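Sequential numbering from 39 applies to the sequence shown in my numbering. The beta carbon of each residue, even a glycine, is placed where N, CA and C say it ideally should be. Bear in mind the structure is a predicted one, so any value in this text is a computation, not a measurement.
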Amino acid sequence: MKDNSEHPLRVVDVEKIYKVGERDYPALRGVSLAANRGEILAILGPSGSGKTTLLDLMGTLDRPTKGKIFIDGIDTSNLNDTELSALRNKKIGFIFQSYNLVPYLSALENVELSMLAGDSLNNEGKSRAVSLLTELGLGEKMEKKPRELSGGEQQRIAIARALVNNPSIILADEPTGNLDTKTSEAVISILNRMSSRNSAAIVLVTHEEDLAKDSDRIIRLRDGRIEKEVRKHDKDK
Ligand SMILES: Nc1ncnc2c1ncn2[C@@H]1O[C@H](COP(=O)(O)OP(=O)(O)O)[C@@H](O)[C@H]1O
Ligand SMILES: [Mg+2]
């Protein structure tokens, strides 16, 4: 049930067909890729190309119609829903366009919440949450509620929340979709810094060309297929 690859994430011949009534909507038509530790892999593609579908499958939030997803070598198709959510909590951090913070909790509590899903919160966990928020420039704002913070600050909380469990994989779906250009660039540079320092693989989904330019690898999706893959050393030429 384990494969021996080093990849935190492997997608093998994945297809996804949504059924709506009698009709089939193929969203992914055979996608294979592997993400490496410490890299940012950008998935670029126009609206409707299958980016969110692919990210949901990578995050085990949904199951493929065909093909397999391996998380740290574990074949997720063999797991039931309970096992899958345990694996997800342990191994995957999510960052969404809409931040998805709990409105009545402070910045710090929002980050701590993500650790409660697994073990109970100990002092070590608490100090990790504090030091991540401090590193992300929110040291003075830990007691503030989301509504008291700007969009960029809220997204930084969401980044801290995604990182605090030391996940193998961080999945970000249009994480800068609600931010202005300058704040977007700041968020992407934080993700870059985090990817090189942590051993996590970051998968960044976006339809904005500019945001993908600093990633290590770009995969272009079109009509549910990989159209092209570009590595950084190709990009730099
Ligand atoms: N729940 C769903 N039911 C039916 N069709 C869907 C569903 N989710 C996505 N689709 C279709 O699958 C295709 C890919 O969608 P999506 O993965 O959201 O693309 P992207 O994130 O690149 O915009 C689109 O044609 C979309 O309409
Ligand atoms: Mg999408």
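{"query": "To the nearest angstrom, how far is the alpha carbon of N118 from that of K164?", "result": "31 Å"}
{"query": "Beta carbon of T90: closer than 6 Å to some heavy atom of ligand 1?", "result": "yes"}
{"query": "Quick one: Cα of S222 to Cα of L249, how far?", "result": "8 Å"}
{"query": "Would you kindly work out how many angstroms separate the C-alpha atoms of D274 and L79, rounded to a whole number?", "result": "Low confidence applies here, because D274 scores a pLDDT of 49, under 50, leaving its location unreliable and the question unanswered by this model."}
{"query": "For the beta strand (DSSP E) containing L229, name the first residue and the last one.", "result": "No beta strand (DSSP E) holds L229; the alpha helix (DSSP H) holding it covers 219-235."}
{"query": "Count Cβ pairs between the region 171-189 and the region 92-101 that sit closer than 8 Å; are there 3 or more?", "result": "no"}
{"query": "Inspect the CB distances between the region 227-235 and the region 178-189 and report whether three or more fall short of 8 Å.", "result": "no"}
{"query": "Hey, would you say the C-beta of V69 is under 6 Å away from at least one heavy atom of ligand 1?", "result": "no"}
{"query": "With a 10 Å radius around its C-beta and 16 neighbouring C-beta atoms as the bar for buried, classify Y142 as buried or exposed.", "result": "exposed"}
{"query": "Let me check one thing: in DSSP terms, what residues is L47 bridge-paired to?", "result": "A73, I109"}
{"query": "According to the Cβ coordinates, are A210 and L242 closer than 7 Å?", "result": "yes"}
{"query": "What's the call for Y63, buried or exposed, on a 16-neighbour Cβ count within 10 Å?", "result": "exposed"}
{"query": "Provide the residue span of the alpha helix (DSSP H) that contains V149, from first to last.", "result": "145-154"}
{"query": "Between the Cα of P46 and those of S237, L92, L187, spot the shortest distance and give me the residue it belongs to.", "result": "S237"}
{"query": "Suppose you measure from the CA of A261 to the CA of D254; what does that come to, to the nearest Å?", "result": "The sequence given here places Asp at residue 261; Ala does not occur at that position. So the two alpha carbons sit approximately 23 Å from each other."}
{"query": "Return yes when the C-beta of A65 is under 6 Å from any heavy atom of ligand 1, and no when it is not.", "result": "yes"}
{"query": "In chain order, what residues of the same chain have a beta carbon less than 6 Å from the beta carbon of E265, not counting five sequence neighbours either side?", "result": "R258"}
{"query": "Where K57 and F108 are concerned, what is the direct C-alpha to C-alpha distance, given to the nearest angstrom?", "result": "24 Å"}
{"query": "Is it buried or exposed for P213, if we count other Cβ within 10 angstroms and need 16 for buried?", "result": "buried"}
{"query": "Is L82 closer than 7 Å to I256 when the C-beta atoms are compared?", "result": "yes"}
{"query": "Within the continuous beta strand (DSSP E) that includes V241, where are the two ends?", "result": "239-244"}
{"query": "CB-CB under 6 Å to I208, same chain, minus the five flanking residues each way: which ones, in chain order?", "result": "G131, A200, A238, I240"}
{"query": "With a threshold of 16 other CB atoms inside 10 Å of the CB of L229, please say whether the residue is buried or exposed.", "result": "buried"}
{"query": "Assign P64 to one of three DSSP states: helix, strand, or coil.", "result": "strand"}
{"query": "Can you find the residues in the same chain that come closer than 8 Å, C-beta to C-beta, to S227, ignoring five residues on each side of it along the sequence?", "result": "D252"}
{"query": "Leaving out five residues on either side along the sequence, give the residues of the same chain with a beta carbon under 6 Å from the beta carbon of E246.", "result": "none"}
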